[in-house]
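Before any comments, here is the structure.
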Amino acid sequence: MRVANSPILWHNEDLPDLMPPVDAATIADEIAAAGYEGVEHSSKFPQDGAGVRELLAPRGLQLISAFAGLRIPGDDDRGEIERAKELASFVRDAGGDMLVSALDYAEAREAIAGSVGPGDPRLDECGWSAIVDALHEIGHHCASIGVTQVFHNHAATFIETPDEFGELVRRTDPSLVSLCLDVGHLVVGGGDPVACFREHAGRIRLVHLKDASSAVVASMRRREFGFIEGLRRRVFCELGTGELDVAGVVAEMARATYDGWVVLEQDTTFRAPIESARHNREAFRRLAGV
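Heads up: take any position in the sequence shown, counting from 1, add 20, and you land on the working numbering.
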């Protein structure tokens with residue numbers, strides 16, 4: 021396994037005011053100093069491949085992926101698909117080989133993230149068809165340029181719960197859509213990360229390993245607030261301090277001989293970002309030996 025970090029710990033794209041302003045060089049310096057070898061892209065980083073390489077290479081870092089959020093496309097809306105294709109090409113030019121795709125936040129789901137039940141808004145057949153077609157088209161482009169598309173489960177979207185993630189897996193072509201399992205978002209969505217990894221290990225090409233605060237998740241399950249407020253209350257926390265069975269997930273990855281990238285992602289922190297990054301790196305090293 022190879023270990024990466026995400027700049028979201030320093031700069032949350034959903035809540036830019038959550039942390040003090042920071043520049044790309046500081047983010048890259050601190051990720052390298054905390055013991056990581058890979059990094060995902062950020063809006064704080066250069067937006068051209070050469071610029072990303074120039075930022076990361078001197079620090080011993082490698083870009084591994086970039087994130088493409090997708091609205092459910094309508095018949096006359098191809099903008100999201102084309103932007104995702106362009107981003108995949110950028111990833112290749114910057115030295116990476118994965119495009120992380122996910123649905124954008126859904127207004128109908130943000131307020132009930134963490135507590136979605138059978139009677140709550142879900143994708144209808146038209147919505148499923150549109151997103152699967154979009155992912156397949158993006159996947160064809162990715163395959164043609166040597167990039168792997170990995171789909172990311174995400175709270176406050178229509179692919180949050182374990183059953184929604186399973187349906188996405190069932191409907192998509194594994195040659196075009198691999199998986200990025202985000203265990204922190206799965207915890208928020210009511211899933212069992214160990215069981216989910218075991219079930220889908222054959223399609224998982226990227227793991228986002230992060231913990232989730234038991235107290236904040238419990239409040240979200242009681243619908244006291246939605247996902248954005250959950251972020252402000254630091255729903256995602258340092259490994260070993262929340263309700264994720266971190267050791268169980270790491271053991272399952274070892275059992276499956278998973279040898280891909282593991283991103284020790286943490287969207288929110290009350291600490292200085294480098295402190296959280298170091299904590300997570302050491303926690304993972306103790307459990308995984310890498």
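Beta carbons: idealized from backbone N, C-alpha and C, even for Gly. Quick caveat: nothing in here was measured; it's all calculated off a predicted structure.
According to DSSP, which residues form a beta bridge with Ser-85?
Glu-60 and Met-118
Rounded straight-line distance, which links the Cα of Asp-144 to that of Ala-45
44 Å
Taking the DSSP output, what are the residues bridged to Trp-281?
Arg-22 and Leu-226
Inside the segment 168-245 only - beta strand (DSSP E) runs reaching at least 3 residues:
168-172, 198-202 and 224-228
Residue range of the alpha helix (DSSP H) that His-156 falls in?
145-164
From Arg-242 to Glu-127, what does the alpha carbon distance come to, in whole angstroms?
18 Å
So Leu-259 is in the alpha helix (DSSP H); what residue range does that whole segment cover?
Run containing Leu-259: none; DSSP gives neither H nor E here.
Candidates Ser-164, Lys-230, Ala-154 and Glu-106, of which the one nearest Ala-122 by Cα:
Ala-154
Burial state of Ser-62 (16 or more Cβ within 10 Å)
buried
Using a 10 Å radius around the Cβ and a threshold of 16 neighbouring Cβ atoms, would you call Gln-67 buried or exposed?
exposed
Ser-164, buried or exposed, once every other Cβ within 10 Å from all chains shown has been counted against 16
exposed
Taking the alpha carbon of Ala-48 as the reference point, which residue from Ala-297, Ser-195 and Phe-304 has its own alpha carbon closest?
Ala-297
Round the Cβ separation of Tyr-56 and Asn-25 to the nearest angstrom and send it over; I've been treating them as touching at under 8 Å.
4 Å
Using a Cβ distance threshold of 8 Å, determine whether the segment 224-237 contacts the segment 274-289, with at least three qualifying pairs required.
yes
Measuring alpha carbon to alpha carbon, tell me which of Ile-28, Phe-304, His-299 and Pro-93 ends up nearest Phe-65.
Ile-28
Contact check, Val-203 vs Val-255, beta carbons under 8 Å
no
In its own chain, which residues sit with a C-beta less than 6 Å from the C-beta of Val-236, not counting the 5 before and 5 after it?
Gly-250, Arg-253 and Val-255
What residue does the alpha helix (DSSP H) around Leu-75 start on, and which one ends it?
69-76
Boundaries of the alpha helix (DSSP H) in which Phe-304 is found, first to last residue:
293-308
Unbroken alpha helix (DSSP H) run spanning Val-269, endpoints:
266-275
What residue from Pro-78, Leu-38 and Cys-257 has the CA that sits closest to Ile-51's CA?
Pro-78
Phe-247 and Ala-175 - do their beta-carbons sit closer together than 8 Å?
yes
Which of the three DSSP states, helix, strand or coil, is assigned to Leu-123?
strand
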